[in-house]
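**Student:**
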Amino acid sequence: MSATLARVVTADAPGKVNLILRVTGLDAQTGYHELLTVFHCLNLREVVRLSVRADEKVTVQTVPGPSFAGALPSGLDGPDNLAVRAVQSLRHYAQDQGKDAPGIDIHITKNIPVAGGMAGGSADACAALVAANELLGLNMNREELARFGVSIGADVPYGLWGEQSLGVGFGNDIRPLDAGPTRHWVFLSSSRGLSTPVVFGEYDRLELHNGFNEQRRSLEDKVLGALRGDNPILEVIENDLQAPALRLRPELEDVIAAAKEAGAVSAFVSGSGPTIAALCESEAAAKDLAATVASHPEVCEAIVATGPSGPARILAVDNEAPSERERT
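In terms of this note's numbering, the sequence shown is residues 37 to 364.
Shown next as C-alpha cells:
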C-alpha cells in the first residue's frame, strides 16, 4: 500500500428519528417498500475505526459506548454486519480501479440501540464508507458514496447529508431540508429488538397501504409545507410502521402513555421500533422525563439526545498502525 495513504481512520455518523415515515409504494418484484420520510439526525453517533491489516481479511469488533448500560447483543461481529459490507464494497471497487485494497480491522463503538428503529447499523455502514473512502484513497464525493450506501441499505445514505432531510423512494433520493431549531429527545429503548423486515411484513399483512392511494407529489408538498409552519414538527410526525410495531409488541403502548404522562410533547415509535421517541420542550424536561420513565418495566434505557446533528465525518487520520493493545 502506498506510504502516502493513512493506516488508521476514525469516522462517526449520526443515528436518526423519522419525523414522518409514510409507505408510498411497493416493488412487487423485490418486495421493497417505497417511502417518504423525514430524517432528523441525532447527536447519538456511531464511531467506526478502520485499521489496515497485513493480510486481506476484514474483521469487525463492536463495543458498547456510553449510551449503553450493559453488554451488546451477540451476533454483531459477523460478515453480515453492515459496516463489513460497506468496507468490502469499497475494497472491491478499489481493486476494480487497480488500487491497493488491504485487509481492514473494523472497530465499532455503538451508541445507538441495536434493532431499535434508529438506524444504528446504517450509521455504522455510513461511517465505514466515509472512513474507507479516506483509508483507500478513493476520493469519492458524497453522491458517489451514497450510491454504494443504498446498495447496502435504504437508510445508509441519509447520514452523508446529516441534519434534516427528505427521503423519497428506496433510499436513493435524499433532499436536504432546513435544519430548524434544536430539539430535545428521550429515546426509550427495549431489551428486545424488532426486525425491520418483520415489521414491514406485518404492515403488508394488515393491508395498511393508505399512502399508496395518495399522489406522492401532494404528500411531499404537505410535508414540506408543514416544515415551513410555525410549529412544524408536531404537524409532521406520523409513522405508518407504528401500527404494525404495536401489533407485534402491544406493551409499547404503555411506554408511549408513560412518556406522555411524564410530559412528552409527543411520543411515538421510532422507525420500525421498538424504541419509543419522546419529544420534550427543553433539555431540563428531557432529563426529568428520562429519570421518571427509566424505571418502567418495558424500558431498558432512557437516552437523552438532541437533534439535528451533522453528517458523517472523519474524526482522525493516522499513518501509524495501532498497537495490539489498542486493537482489543
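C-beta: ideal position from N, C-alpha, C; glycine also. As the structure is a computational prediction, the values presented were derived from the model and not from experiment.
Is it buried or exposed, Asp141, if we count other Cβ atoms within 10 angstroms and call 16 or more buried?
**Tutor:** One-based indexing of the sequence shown puts residue 141 at position 105. The residue is buried, with at least 16 neighbouring Cβ atoms inside 10 Å.
**Student:** Is the beta carbon of Ala341 less than 9 Å from the beta carbon of Val150?
**Tutor:** Within the sequence shown, residue 341 is the residue found at index 305, counting from 1. Within the sequence shown, residue 150 is the residue found at index 114, counting from 1. Cβ distance not < 9 Å, so Ala341 and Val150 don't count as in contact.
**Student:** Measuring only the C-alpha atoms, how far is Ala164 from Ala322?
**Tutor:** Within the sequence shown, numbered from 1, the residue matching residue 164 stands at position 128. Within the sequence shown, numbered from 1, the residue matching residue 322 stands at position 286. Each residue's alpha carbon lies about 31 Å from the other.
**Student:** To the nearest angstrom, report how far apart Ser331 and Thr232 are at their CA atoms.
**Tutor:** Taking the first residue of the sequence shown as position 1, residue 331 is located at position 295. Taking the first residue of the sequence shown as position 1, residue 232 is located at position 196. Distance between the alpha carbons of Ser331 and Thr232: 26 Å.
**Student:** What did DSSP end up calling Phe75 once you bin it into helix, strand or coil?
**Tutor:** As a position in the sequence shown, residue 75 is number 39, starting the count at 1. Note: Phe75 maps to strand in three-state DSSP.
**Student:** Is there contact between the segment 264-281 and the segment 178-194, where contact requires at least three CB pairs shorter than 8 Å?
**Tutor:** Flag = no, the segment 264-281 and the segment 178-194 do not touch.
**Student:** Could you give the distance in angstroms between the alpha-carbon of Leu86 and the alpha-carbon of Asp240?
**Tutor:** Taking the first residue of the sequence shown as position 1, residue 86 is located at position 50. Taking the first residue of the sequence shown as position 1, residue 240 is located at position 204. Cα to Cα, Leu86 sits roughly 39 Å from Asp240.
**Student:** Might you give, ordered along the chain, the residues of its own chain that have their beta carbon closer than 8 Å to the beta carbon of Ile350, omitting 5 neighbours on each side?
**Tutor:** Against the sequence shown, residue 350 aligns to sequence position 314. Here the set comprises Val45, Thr46, Ala47, Val166, Ala167, Glu170.
**Student:** Quick check on this structure: which residue in Phe75, Ile292, Pro344 has the alpha carbon closest to the alpha carbon of Val204?
**Tutor:** Taking the sequence shown and counting its residues from 1, one reaches residue 204 at position 168. Selected option, being the one with the closest Cα: Phe75.
**Student:** Quick one: what does DSSP say Gln124 is sitting in, helix, strand or coil?
**Tutor:** As a first step, residue 124 is located in the sequence shown; it is residue number 88 there, counting from the start. Reduced to three states, the DSSP call for Gln124 is helix.
**Student:** Which residue from Ala137, Leu288, Pro280 puts its Cα closest to that of Arg89?
**Tutor:** Residue numbering aside, residue 89 sits at position 53 when the sequence shown is read from its first letter. Minimum Cα distance to Arg89 is reached at Ala137.
**Student:** Given a cut-off of 9 Å, decide if Ala298 and Ala422 are closer than it, judged by their beta-carbon atoms.
**Tutor:** Nothing can be reported for residue 422, as the shown portion of the chain is limited to 37 through 364.
**Student:** Excluding sequence positions up to five away, which residues of its chain have a Cβ less than 7 Å from the Cβ of Glu238?
**Tutor:** Position 202 of the sequence shown holds residue 238. Only Pro280, Arg283, Leu284 meet the Cβ criterion.
**Student:** Hey, how far is the Cα of Pro109 from the Cα of Gly229?
**Tutor:** In the sequence shown, counting from the first residue as 1, residue 109 sits at position 73. In the sequence shown, counting from the first residue as 1, residue 229 sits at position 193. The alpha-carbon atoms of Pro109 and Gly229 are separated by roughly 10 Å.
**Student:** In terms of alpha-carbon separation, which member of Val259, Glu243, Gln97 lies closest to Asn54?
**Tutor:** Within the sequence shown, residue 54 is the residue found at index 18, counting from 1. It is Val259 whose Cα lies nearest to the Cα of Asn54.
**Student:** Where does Arg81 land, buried or exposed, given buried means 16+ other C-beta within 10 angstroms?
**Tutor:** Here residue 81 refers to the residue found at position 45 of the sequence shown. When all chains shown are included, Arg81 counts as buried.
**Student:** Select from Thr73, Glu337, Val353, His128 the residue whose C-alpha is nearest the C-alpha of Ser201.
**Tutor:** Numbered from its first residue, the sequence shown carries residue 201 at position 165. Of the candidates Thr73, Glu337, Val353, His128, the one whose C-alpha sits nearest the C-alpha of Ser201 is Thr73.
**Student:** Could you pull the start and end residues of the beta strand (DSSP E) that Ala338 belongs to?
**Tutor:** For the purposes of this step, residue 338 is taken as residue 302 along the sequence shown, with counting starting at 1. Per DSSP, Ala338 belongs to the beta strand (DSSP E) from 337-343.
**Student:** When you compare the CB of Leu108 with every CB in chain D, is at least one pair closer than 9 Å?
**Tutor:** Reference to chain D is not applicable here, since this structure consists of a single protein chain.
**Student:** Using the Cα positions of Lys93 and Ser125, report the straight-line distance between them to the nearest angstrom.
**Tutor:** Numbered from 1 along the sequence shown, position 57 holds the residue referred to as residue 93. Numbered from 1 along the sequence shown, position 89 holds the residue referred to as residue 125. For Lys93 and Ser125, the distance between alpha carbons rounds to 14 Å.
**Student:** Taking the alpha-carbon of Pro344 as reference, which of Pro100, Gly67, Leu78 has the nearest alpha-carbon?
**Tutor:** On the sequence shown, position 308 is the one that residue 344 refers to. For Pro344, the nearest C-alpha among the options comes from Leu78.
**Student:** On the premise that Val353 lies in contact with Ala42, defined as a C-beta separation below 8 Å, what is that separation, rounded to the nearest angstrom?
**Tutor:** The residue given as residue 42 occupies position 6 in the sequence shown. The residue given as residue 353 occupies position 317 in the sequence shown. At roughly 5 Å, the Cβ-Cβ gap stays under 8 Å, so Ala42 and Val353 are in contact.
**Student:** In whole angstroms, what is the alpha-carbon distance linking Arg183 and Gly207?
**Tutor:** Residue mapping note: residue 183 aligns to position 147 of the sequence shown, counting from 1. Residue mapping note: residue 207 aligns to position 171 of the sequence shown, counting from 1. Those two C-alpha atoms are separated by around 9 Å.
**Student:** Measure the CB-CB distance between Met154 and Lys296 and report whether it falls below 9 Å.
**Tutor:** Here residue 154 corresponds to residue number 118 of the sequence shown, with the count starting at 1. Here residue 296 corresponds to residue number 260 of the sequence shown, with the count starting at 1. No, the Cβ-Cβ distance between Met154 and Lys296 is not below 9 Å.
**Student:** Quick one: what's Glu82 bridged to in DSSP?
**Tutor:** In the sequence shown, the residue the question calls residue 82 occupies position 46. DSSP lists Ala49 as partners of Glu82.
**Student:** Determine the direct distance from the alpha carbon of Trp197 to that of Cys162, and round the result to whole angstroms.
**Tutor:** As a working note, residue 162 is residue 126 in the sequence shown. As a working note, residue 197 is residue 161 in the sequence shown. Each residue's Cα considered, the two are about 10 Å apart.
**Student:** Going by CA-CA distance only, name the one from Val235, Ser318, Gly111 that's closest to Val305.
**Tutor:** To locate residue 305, count along the sequence shown from 1; it is residue 269. The residue with the shortest Cα to Cα distance from Val305 is Val235.
**Student:** What three-state label does DSSP hand Val94 in the structure shown?
**Tutor:** Here the question's residue 94 lines up with position 58 in the sequence shown. Three-state DSSP puts Val94 in a strand.
**Student:** Going straight from the alpha carbon of Asp290 to that of Asp132, what length do you get?
**Tutor:** Walking along the sequence shown from the start, residue 290 turns up at place 254. Walking along the sequence shown from the start, residue 132 turns up at place 96. Looking at the two C-alpha atoms, the distance is approximately 52 Å.
**Student:** Between which two residues does the beta strand (DSSP E) containing Ser318 stretch?
**Tutor:** By one-based count along the sequence shown, residue 318 stands at place 282. Per DSSP, Ser318 belongs to no beta strand (DSSP E) and is neither H nor E.
**Student:** Label Ala320 either buried or exposed according to how many other C-beta atoms from any shown protein chain fall within 10 Å of its C-beta, with 16 as the threshold for buried.
**Tutor:** For the purposes of this step, residue 320 is identified with residue 284 of the sequence shown, where counting begins at 1. Burial call: exposed.
**Student:** Measure the Cβ-Cβ separation of Pro102 and Asn147 and say whether it is below 9 Å.
**Tutor:** On the sequence shown, position 66 is the one that residue 102 refers to. On the sequence shown, position 111 is the one that residue 147 refers to. Contact flag set, yes.
**Student:** If you draw a straight line from the alpha carbon of Gly152 to that of Gly61, how long is it in whole angstroms?
**Tutor:** Your numbering for residue 152 matches position 116 in the sequence shown. Your numbering for residue 61 matches position 25 in the sequence shown. Each residue's alpha carbon lies about 23 Å from the other.
**Student:** Just how far apart, CA to CA, sit Phe104 and Glu337?
**Tutor:** To locate residue 104, count along the sequence shown from 1; it is residue 68. To locate residue 337, count along the sequence shown from 1; it is residue 301. Cα to Cα, Phe104 sits roughly 8 Å from Glu337.
**Student:** Give every residue of the same chain whose Cβ lies closer than 7 Å to the Cβ of Val120, excluding the five residues on either side of it in the sequence, and list them in chain order.
**Tutor:** For the purposes of this step, residue 120 is taken as the residue at position 84 of the sequence shown. Excluding residues within five positions, the ones whose Cβ falls inside 7 Å are Val94, Val96, Ile142.
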